[in-house]
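Q: The structure follows.
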Amino acid sequence: MTGQESLDYLYGLQKFGIKLGLENIRTFLSRLDHPENRFKSVLVAGTNGKGSIASALAGILRDSGFRTGLYTSPHLHVFNERIRVNGEMIPDDRIARLVARLRTRTGSIPITFFEFTTALALEFFAEQEVEVAVLEVGLGGRFDATNAIAPVLSVVAPVARDHQQYLGEDLDSIAREKAGIMRGGVPVVSAPQVIEVEEALLDEAKKVGTEISFCGKSFHFDDAGETFDYRGIKETIAGIRPGIPGRHQFANMATALAAAEMLQPAGYDLPAIALRSGVEKMFWPGRLEWLAKRSILLDGAHNGAAANVLARYLEQQDLVNVHWIVGLKADKNSEEVLIPLLPACAALYCVEPPVEEAKPTAELVAIAERHGVRAASFASIEAALDAVQAAAADSEIVLVAGSLFLVAAVREIILQEEGRRCDEQVS
68 MTGQESLDYL YGLQKFGIKL GLENIRTFLS RLDHPENRFK SVLVAGTNGK
118 GSIASALAGI LRDSGFRTGL YTSPHLHVFN ERIRVNGEMI PDDRIARLVA
168 RLRTRTGSIP ITFFEFTTAL ALEFFAEQEV EVAVLEVGLG GRFDATNAIA
218 PVLSVVAPVA RDHQQYLGED LDSIAREKAG IMRGGVPVVS APQVIEVEEA
268 LLDEAKKVGT EISFCGKSFH FDDAGETFDY RGIKETIAGI RPGIPGRHQF
318 ANMATALAAA EMLQPAGYDL PAIALRSGVE KMFWPGRLEW LAKRSILLDG
368 AHNGAAANVL ARYLEQQDLV NVHWIVGLKA DKNSEEVLIP LLPACAALYC
418 VEPPVEEAKP TAELVAIAER HGVRAASFAS IEAALDAVQA AAADSEIVLV
468 AGSLFLVAAV REIILQEEGR RCDEQVS
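Right, here's the structure in full:
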């Protein structure tokens with residue numbers, strides 16, 4: 068099986084859609100002799116920020132000398148990004164060989180893309196003899212494929228409304244789905260949460276018999292502008308400068324640091340120098356990432372909570388008259404994403420992101436115009452880029468946000484024009 072054939076097989080599994088439940092993945096892992104039992108795991112659930120928390124925690128563990136796996140989704144440019152060992156992506160030939168072997172074990176199981184990918188990651192981590200793996204939950208928590216493993220620590224990133232068709236319309240329901248990663252006697256670390264989410268998480272923790280350490284209660288951070296000071300469970304570290312911008316990341320990085328501290332009783336000696344370096348060296352492309360000599364800002368904001376965070380960043384940076392290339396998937400709430408950001412915008416350039424079901428651009432144009440912001444539809448991302456580059460003054464920035472698929476497409480175009488690789492750190 069070639070690399071392309073293996074990817075064709077994987078993406079072909081998307082025909083089974085999203086099926087929340089653990090029966091299929093548990094059966095599949097049993098047929099693989101439970102690779103997940105050959106190393107320790109940390110689960111990271113939440114709505115926004117779970118990828119950056121997972122990446123920072125993996126960096127801390129790696130810098131402490133532990134062979135570390137990292138599983139995240141979705142990928143930005145290539146499938147390999149989802150599965151890393153000590154920061155290195157899984158090679159093409161390993162994907163091909165593992166897909167060829169694992170597909171013979173599926174039998175009659177109607178396995179989904181995410182279930183197969185999760186099993187592939189766990190098998191690769193076992194094969195690579197990782198000591199610990201940090202696994203980002205895909206959707207929800209309770210019935211996500213990653214929840215088939217038994218974690219030594221659970222982490223909850225900020226919870227907000229998203230994927231309501233699967234998780235419920237209200238924050239209480241969504242939080243309880245995320246809380247499904249909790250286990251009795253297994254510690255839980257949480258980012259700051261709104262009161263409704265916090266109460267739901269505490270209630271679920273009580274039911275399973277565990278305790279939660281919340282940012283702002285069990286551990287703290289002090290905002291110092293470009294840096295933050297961490298006052299942790301035991302450690303105190305001053306002047307931390309995260310590898311990704313945005314003051315909202317201070318809470319996420321403090322959560323990653325607290326998670327690292329909570330792992331120490333389980334036998335992970337994580338020195339203070341690694342706690343700092345894991346956070347300061349991390350790179351998470353497509354999230355408040357500047358390109359083209361800081362004239363183009365990319366961000367994966369695709370729900371109301373993320374849009375509000377992005378709006379605060381623009382305000383903190385005194386960025387106005389922004390030219391926004393925007394596109395959304397069909398299942399997103401257009402007004403929740405657009406309205407927080409429109410006050411900073413000079414114009415919107417509306418496109419359909421490269422997904423099967425995209426939000427009609429006419430809907431985005433109508434919302435912008437109702438709020439007094441110029442907007443137009445474009446038939447392609449390239450056409451929108453040409454238009455925005457012609458219209459924006461040298462002192463004005465271009466924002467690309469609304470869908471990670473849109474961000475990925477623009478990022479690839481810009482980096483190719485600059486002769487850079489997509490896996491190269493450019494911020």
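My numbering puts the first residue of the sequence shown at 68, with every later residue one more than the last. Backbone N, C-alpha and C fix where the C-beta goes; we use that ideal spot for every residue, glycine too.
I want to know whether the stretch 341–352 touches the stretch 240–249 - three or more CB-CB distances under 8 Å.
A: Output reads no: the stretch 240–249 does not touch the stretch 341–352.
Q: Confirm, please, whether the CB-CB distance from E182 to N91 is below 8 Å.
A: yes
Q: The alpha helix (DSSP H) with E90 in it runs from where to where?
A: 90–98
Q: With a CB to CB cut of under 6 Å and the five nearest residues on each side skipped, what residues in its chain are close to F281?
A: Closer than 6 Å at the Cβ level, and outside the excluded window around F281, lie S257.
Q: Determine the DSSP secondary structure at V376, reduced to helix, strand or coil.
A: Helix, per DSSP.
Q: For A359 and G310, I'd like the C-alpha separation in whole angstroms.
A: 18 Å
Q: Could you check how far apart the C-beta atoms of T213 and M249 are, in whole angstroms? I think they sit under 8 Å.
A: Contact doesn't hold; Cβ gap of about 13 Å is too wide.
Q: What are the complete beta strand (DSSP E) segments, minimum 3 residues, inside the stretch 411–476?
A: 412–417, 441–444, 465–468
Q: With distances taken Cα to Cα, identify the nearest neighbour of V261 among I279, L143, P225.
A: P225
Q: What are the start and end residues of the alpha helix (DSSP H) that includes T184?
A: Going by DSSP, T184 is part of the alpha helix (DSSP H) stretching over 180–194.
Q: Taking only three categories from DSSP, how would you classify R298?
A: strand
Q: Measure the beta-carbon distance from D366 to A468 and round it to whole angstroms, keeping in mind my assumption that it falls under 8 Å.
A: With a Cβ gap of about 4 Å, D366 and A468 count as contacting.
Q: Taking CB distances under 8 Å as the criterion, tell me whether M156 reaches chain D.
A: The structure shown contains no chain D, having only a single protein chain.
Q: Can you tell me whether I279 is helix, strand or coil according to DSSP?
A: strand
Q: Buried or exposed for D211, please, with buried defined as at least 16 other CB atoms from any protein chain shown within 10 angstroms of its CB.
A: buried
Q: Would T135 be called buried (16 or more neighbouring beta carbons within 10 Å of its own) or exposed?
A: buried
Q: Could you tell me the boundaries of the alpha helix (DSSP H) in which T322 lies?
A: Annotation: the continuous alpha helix (DSSP H) that includes T322 extends over 316–330.
Q: CB-CB under 7 Å to E484, same chain, minus the five flanking residues each way: which ones, in chain order?
A: Excluding residues within five positions, none has a Cβ falling inside 7 Å.
Q: Between the stretch 166–184 and the stretch 117–137, are three or more C-beta pairs nearer than 8 Å?
A: Taking a cut-off of 8 Å on C-beta distances, the stretch 166–184 does not touch the stretch 117–137, as fewer than three cross pairs fall below it.
Q: Can you name the residues that DSSP bridges to R354?
A: D366
Q: Tell whether a beta-carbon distance below 8 Å holds between A457 and V418.
A: no
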